[in-house]
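Report on the following structure.
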Amino acid sequence: MFKILQKTLSTGIATNPYPQTAALVSEQFRGRPAFDFPAWQDARPAAEACPTGAIAVRDSGLTREVAIDYGLCVFCGECARVSYAGGVRMTREFELATRSREGLRITAQYELYADGTHKQLISTDEAGAVTAVTAEMLGREVERTVRQALGRSLAIREVDAGSCNGCELEIVALNNPVHDIERFGIHFVASPRHADMLLVTGPVTRNMEMALRKTYDATPHPKVVVAVGACGISGGIFGSSYASIGAVDRVIPVDVYIPGCPPRPEALLHGILLAVYRLARA
Amino acid sequence: MMNSLLRELREKLGEHVAPVATESSAEACFQIAPGDIPSAVEYMRDRYQARVATVFAEDRTPAEGVFYNYYVFEQAGNPGYLILRAAIPAGEPRFPSIAAQLPAVNWQEREIQDWFGLEATGHPNPRRVALHDNWPDVHPLRKEFALDQALAPFAGEQHVYRPTLGEGVFQIPVGPVHAGIIEPGHFNFAVAGEPILYLQLRMFYTHKGTEKLFESLPIPRAVFLAESISGDSAFSHGTAFCQAIERAAHIEPPARAEAMRVVLLELERLYNHIADIGAIANDVGFAIANAHAGRVREMAVGLNEALTGSRLLRGMVCVGGVREDWSGAQLARLGGALDEVEREFGEMVALVKSSDSTRDRLEKTGILRPEKAEALGVVGVGGRASGVDRDVRRDHPYAAYALFPFRVPVYREGDVWHRVQVRIDEAGESFGIVRRAAAGLPGGPHCAPHQPIPADRCALSAVEGWRGEIVHWVRTGRGNRLERCKVKDPSINNWPALVEAVEGNIIADFPVINKSFNLSYSGTDR
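One line per chain: the protein sequences are D and H, in this order. Read in order, the letters of the first sequence correspond to residues 68 to 349 in our numbering. Read in order, the letters of the second sequence correspond to residues 302 to 827 in our numbering.
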């Protein structure tokens, strides 16, 4: 007993104060790929290299539409690596959760040279995409909101609807002393009947479809659903097939989407706080 | 050796036994007839004490008019693998089962039945395993079956479990959605009061069509799919896959890449072992140890991120080596962080060991006897805690492991505590391996440039993931794609061991026994 106390005292506080302060993200961390649309000379190599089709090009004559979907992105950095002439770079941004699936999509239209490289940017809807609600902004008010909306507690039921377990590892990490999600009055519960929120990872498999529906139905109103990771949002690299339905929102309604492969714990926290706001307004 | 083996097999089975060309000198392959399978397996076992590492099938009907069944053998002291291949005519889609003699292949044979529609004749329990009972009569790994084939809503019969009979005997169904944050599967317990009489498992809830999907992706993209087979083994599965491609195409990763892979494979083992020791302590109520383990694991995954850009080591391995080189600053960070993790790990382990109540709950709990472990073909941590002295890193060296000898811990007690002890010992070895590999990191490139992968080459690759033996086998196809990719996660070997280990234990100890094996559902189900 003495040893345990001694170790606890000598360790001190381990909790990372995010979102009150910035997250401790290493230099090498691969967050959101950022696109410099006017400077991007050719989207084809990036589209070719992307393992999940998160960057897609569609040419018609001498015009091209480039569609980017952060909901499919696995943050591997291949797009930046093969875009030798610039136009794509990996940033360390991870607060990417949105309340709408559309919010994760960007398109850009280009006029092309005959060799298929970009002559000039015609238009892009980038400005409207990827919400800039940082967890820091959310964090300042979150305690008050959680208290108002949920009587000082948010109960989450996690549902693995077919994941590779990568997302689960990071969700489990929310409970460790470093990320300590309980400091917000948020905790994980054993039954959907006790839950305010379902945190669902994917891709939803054919074999988990029924279980996911039953879990959703067993969760009392008001409830929010958060789709976690590329596979939960879109099916990710697994897409849809004979065995995989793919996106969680093809089976149950989703309120918040958290991109990542998997999302780091701070990104999960950001998305969960965003969902709490949604619940507070319900 | 191989010539003499061919002679022996011909003597035993007949002159039709023929050598099949392989791409790697570490693999020998002979073709046998389907009827030979039981006697060939028996001969390899009795004469060479060879173990069947995996059994799988391939649909070659469009190209050759046959299915192939592959039986992969390994033998103590021999770094090579022997593969026996049986050609099964499309018109007679059946092969003799060996599951009654060799329980280790029970699930894998049934997987072949479900996915290829080849009947394992004489199988002691031929029910579906890899497709659930309510699925229509389809065989997804046949070439005629399309990946995106739409299946009607499942209307078939649900699985019927062995009934639980007798006064005071109850059935407890659990899952697929569990109480904790874990993967989905169904456990059906029969209990008499507290003790568990028997456990029935239903897996494959997370079946994602992964092996089928491998047949449609360009190889560079398929590397990312390999990383998504089992999220906690992303680097091990990724490496197993890339090695298979490299062997098929005769690509030699540079020495620097091989050493970097060793560092990252061991860091993967470390972060998982650290988390598991904490989680096992937590399951018997020692939450403080788990809190420390969670903290130390964060240090380890932070180091992963500094070395690869990903906390879970994703996006780093590639065909030919690794994607990014390390700077001096990254290597310095590795040295410093590793010392800190090792010190903290040591203190966390001391805490667990000092708790008599924790040890009391873990010792003699969930015993898997060595005879059972051997018969079931149990691998990895679960095997080594029950006397199975195998480790792919030592027995079939890959990457740069031959340069860094290490000790393989083996115990015979087979209880939860010794599965913890194996993890403690292995983590200790891993710190040493990482330090030696990083200190002597060779110069030169970190990736071998290569041409598109030639078609119709087959190769096998094995990696000792933190959980145990991972095997990938590929046949390359045209257009830099694959014809077939077989994935064997160690979990598929070890689930039946869990069934054995829980018998007679109280149901309250099931979570900790399960955690002590910590098998991958996604790796099993694919």
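Glycine is no exception: its CB is placed at the ideal position from the N, C-alpha and C atoms.
**OP:** Go through the region 738 to 789 of chain H residue by residue and report every complete run of the beta strand (DSSP E) that reaches 3 residues or more, in order.
**Re:** 759 to 765, 770 to 777, 783 to 789
Original post:
Name the chain H residues that come within less than 7 Å of residue 364 of chain D, Cβ to Cβ?
Top reply: Residue numbering for chain D in the displayed model covers 68 to 349; residue 364 of chain D lies beyond these limits and cannot be assessed.
Original post:
What does residue 505 of chain H reach in chain D if we use C-beta pairs closer than 7 Å?
Top reply: 274
Original post:
Can residue 739 of chain H and residue 693 of chain H be called in contact, C-beta distance under 8 Å?
Top reply: no
Subject >> Validate contact between the region 322 to 338 of chain H and the region 383 to 394 of chain H using beta carbons, cut 8 Å, 3 pairs >> reply: yes
**OP:** Sort D:72, D:98, D:88, D:183 by Cα distance to residue 124 of chain D and report the nearest one.
**Re:** D:183
**OP:** Please report the residue range of the beta strand (DSSP E) in which residue 375 of chain H lies.
**Re:** 367 to 376
Original post:
Checking contacts by CB at 8 Å: is residue 75 of chain D closer than that to chain H?
Top reply: yes
**OP:** Can you grab the Cα-Cα spacing for the pair residue 279 of chain D / residue 251 of chain D, in whole Å?
**Re:** 27 Å
Original post:
Can the beta-carbon of residue 405 of chain H be found closer than 8 Å to that of residue 794 of chain H?
Top reply: yes
Subject >> Those runs of the beta strand (DSSP E) which lie wholly inside the region 88 to 112 of chain D and span at least 3 residues >> reply: 100 to 102
Original post:
residue 331 of chain H lies in the beta strand (DSSP E); which residues open and close that run?
Top reply: 328 to 333
**OP:** Could you please tell me which residues of the region 314 to 338 of chain D, in chain order, have their CB closer than 8 Å to any CB of chain H?
**Re:** 328, 329, 331
Original post:
Among H:453, H:403, H:362, which one has its Cα closest to the Cα of residue 442 of chain H?
Top reply: H:362
Original post:
Can you find a CB in chain H that lies within less than 8 Å of the CB of residue 138 of chain D?
Top reply: no
**OP:** Taking the CB atoms as reference points, tell me whether residue 810 of chain H and residue 586 of chain H lie closer together than 8 Å.
**Re:** no
Subject >> Any C-beta of chain B under 8 Å from that of residue 311 of chain D >> reply: Given the protein chain composition of this structure (D and H), no chain B is represented.
**OP:** Would you tell me roughly how many angstroms separate the C-alpha atoms of residue 154 of chain D and residue 114 of chain D, rounded to the nearest one?
**Re:** 13 Å
**OP:** Leaving out five residues on either side along the sequence, give the residues of the same chain with a beta carbon under 7 Å from the beta carbon of residue 796 of chain H.
**Re:** 502, 504, 820, 825
**OP:** Could you tell me which uninterrupted alpha helix (DSSP H) segments, each at least 4 residues in length, are contained entirely in the region 504 to 583 of chain H, listed from first to last along the chain?
**Re:** 511 to 515, 520 to 528, 535 to 550
Original post:
If you run the structure through DSSP and keep just helix, strand and coil, what is residue 168 of chain D?
Top reply: coil
Subject >> Helix, strand or coil at residue 157 of chain D [DSSP, three-state] >> reply: strand
Subject >> First through last residue of the beta strand (DSSP E) which encompasses residue 677 of chain H >> reply: Unbroken run through residue 677 of chain H is the alpha helix (DSSP H), 671 to 677; no beta strand (DSSP E).
Subject >> Minimum C-alpha distance to residue 583 of chain H - residue among H:660, H:380, H:528, H:370 >> reply: H:660
Original post:
Are there three or more Cβ pairs, one per stretch, closer than 8 Å when the region 475 to 491 of chain H is compared with the region 514 to 524 of chain H?
Top reply: no
Subject >> Sub-8 Å separation of residue 315 of chain D and residue 299 of chain D beta-carbons >> reply: yes
Original post:
In whole angstroms, what separates the C-alpha of residue 416 of chain H from that of residue 745 of chain H?
Top reply: 44 Å
Subject >> Interface partners of residue 141 of chain D on chain H, CB under 7 Å >> reply: 525
Subject >> DSSP three-state assignment for residue 151 of chain D, whether helix, strand or coil >> reply: coil
**OP:** Use the C-beta contact count for residue 721 of chain H: other C-beta atoms within 10 angstroms, 16 or more gives buried, fewer gives exposed.
**Re:** buried
Original post:
To which residues does DSSP link residue 227 of chain D through a beta bridge?
Top reply: D:268
Subject >> Rounded straight-line distance, which links the Cα of residue 593 of chain H to that of residue 273 of chain D >> reply: 38 Å
**OP:** Kindly list the residues whose CB is nearer than 7 Å to the CB of residue 730 of chain H, restricted to its own chain and excluding five residues on each side of it in sequence; keep chain order.
**Re:** 707, 708
Subject >> For residue 819 of chain H, three-class secondary structure by DSSP >> reply: coil
Subject >> chain H contacts from the region 93 to 106 of chain D (Cβ-Cβ distance under 7 Å) >> reply: 93, 95, 96, 97
Original post:
Is it buried or exposed for residue 496 of chain H, if we count other Cβ within 10 angstroms and need 16 for buried?
Top reply: exposed
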